[in-house]
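Here the structure comes first, spelled out in structure tokens, and everything after it is commentary.
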Amino acid sequence: MRRPVVITAPFATPEETARSYGIPKRRANELRKMVEESLAKKGYVFYKVSGKDSAPSKNGASNRASRSGRLRAKVRVNTTVKSKSGNASRRKTTRAKAKPSR
Amino acid sequence: MTLEIPGGMRRLDRIFSLIQSCDYSMHDLSRVQLDRAEPRTPRFNMPFELGLAVAWEMIGSGQHMWFVMEAVNYRLAKSLSDLNGTDPYIHGGTIDGVFREMGNALVRKGRQPSILQMWSIYREVRGKIPTILKRCGTQSLFQARVFEEISFATNVAAGGIVR
């Protein structure tokens, strides 16, 4: 059997794919939204690419910049998860503190 | 990809330019069979395209990598004995087999999708096909625009599923 080919190039981003096929931005955004919403219902978390984050790639910045944008989005997701649990624990502590004061 | 043939361009020119522009090509010879329409003839497009890819690797780029896929073991030795010594990737005519053999042929360090992830992507994109067909105003999958949208949807789904 042939040796497998080891691919080292990074995965193409949806933007790159759309560009290579010549898919208009509006159509690409519609498709993207459709797939992301469907996967979000199944519990997959997507890195949010807001207008702010996608701006550097529009201006021709390197992948590094867009990657940092994605990382920021990831951190945002993590913090929301943490804050939920944080609220719950805070509620418990306030109740616990309230009892002895009464 | 050969569905996208710009007006006036010969089909063969388009196919060869596509092979030249790709680092890898996959050639599934499992569908070289007699068609239903009379007179019944086998479809030779796939072996012909494989020949072009082999020629491009041997006398052209020297870098191009081609892979042969088959559904049945040892059938290639009978149908295309010139390729004796080349082991085809046998997918057994199943989706699982195609995923497995693609994973055997192409390896990625780090973010390598598992078979389960490939199934998830497949199911996701397959579920979107009726919508895509409706958007494109067609009933056929073999249209350039449909192919583009399916490829794009697959890319987006892979981005969410493969981590």
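Sequences listed follow chains A and X, in order. Going by the numbering used here, the residue at position 90 of the first sequence is 90; the numbering climbs one at a time, nothing skipped. Residues are numbered in the numbering used here as their position in the second sequence, beginning at 1, plus a constant of 1000. Virtual Cβ for every residue (Gly too), placed ideally from N, Cα, C. Only a predicted model underlies this, so the values are computations on that prediction, with no experimental measurement involved.
Local conformation of tyrosine 44/A per DSSP, three classes: Walking along the first sequence from the start, residue 44/A turns up at place 44. Coil.
Distance CB(valine 1054/X)-CB(arginine 1043/X) smaller than 7 Å: Counting from one through the second sequence, the residue named residue 1054/X turns up at place 54. Counting from one through the second sequence, the residue named residue 1043/X turns up at place 43. No, the Cβ-Cβ distance between valine 1054/X and arginine 1043/X is not below 7 Å.
Short-range partners of chain X found in the stretch 16-47 of chain A, where Cβ spacing is below 7 Å: Thr17, Ala18, Tyr21, Ile23, Ala28, Leu31, Arg32, Met34, Val35, Glu36, Ser38, Leu39, Tyr44 and Phe46
Run of the beta strand (DSSP E) containing valine 1162/X, from where it starts to where it stops: Within the second sequence, the letter at position 162 stands for residue 1162/X. Valine 1162/X -> no beta strand (DSSP E), and no H or E assigned at all.
Three-pair Cβ contact test at 8 Å for the stretch 1063-1071 of chain X versus the stretch 1022-1041 of chain X: yes
Where serine 1025/X falls: helix, strand or coil (DSSP): As a position in the second sequence, residue 1025/X is number 25, starting the count at 1. If DSSP states are grouped into helix, strand and coil, serine 1025/X belongs with the strands.
Residue range of the beta strand (DSSP E) that includes isoleucine 7/A: As a working note, residue 7/A is residue 7 in the first sequence. Here the beta strand (DSSP E) through isoleucine 7/A covers 5-7.
Proximity to glutamate 16/A [Cα-Cα], best of Ala1153/X, Ile1019/X, Glu1057/X and Ser1140/X: For the purposes of this step, residue 16/A is taken as residue 16 along the first sequence, with counting starting at 1. Considering only alpha carbons, the answer is Ala1153/X.
Neighbour-count burial assignment, isoleucine 1115/X, 16 or more Cβ in a 10 Å radius: Reading the second sequence from its first residue, position 115 is the one you call residue 1115/X. It is exposed - the Cβ of isoleucine 1115/X has fewer than 16 other Cβ atoms within 10 Å.
C-alpha distance - lysine 52/A paired with proline 1039/X, whole-angstrom precision: Working through the first sequence from its first residue, we reach residue 52/A at position 52. Working through the second sequence from its first residue, we reach residue 1039/X at position 39. For lysine 52/A, the predicted model reports a pLDDT of 43, less than 50, meaning its position is unreliable; a value from the coordinates is still stated below. So the alpha carbons of these two residues sit roughly 60 Å apart.
Nearest-angstrom Cβ-Cβ length linking valine 1125/X and proline 4/A, presumed shorter than 8 Å: By one-based count along the second sequence, residue 1125/X stands at place 125. By one-based count along the first sequence, residue 4/A stands at place 4. 24 Å between Cβ atoms; not a contact.
Per DSSP, the bridge partner or partners of glutamate 1070/X: Within the second sequence, residue 1070/X is the residue found at index 70, counting from 1. Ile1090/X, per the DSSP bridge assignment.
Residues near arginine 1135/X in its chain [Cβ-Cβ closer than 8 Å; skip 5 each side]: Here residue 1135/X refers to the residue found at position 135 when the second sequence is read from its first residue. Same-chain partners within the cutoff: Glu1149.
Chain A contact for leucine 1116/X (CB, 7 Å cutoff): Here residue 1116/X corresponds to residue number 116 of the second sequence, with the count starting at 1. Judged by the 7 Å Cβ criterion, leucine 1116/X is not in contact with chain A.
Where isoleucine 1019/X meets chain A, residues with beta-carbon distance less than 8 Å: Taking the second sequence and counting its residues from 1, one reaches residue 1019/X at position 19. Within 8 Å Cβ-Cβ: nothing; isoleucine 1019/X doesn't reach chain A, min ~16 Å.
Spatial distance of leucine 1083/X from leucine 1076/X (CA atoms): Taking the first residue of the second sequence as 1, we reach residue 1083/X at position 83. Taking the first residue of the second sequence as 1, we reach residue 1076/X at position 76. Distance between the alpha carbons of leucine 1083/X and leucine 1076/X: 8 Å.
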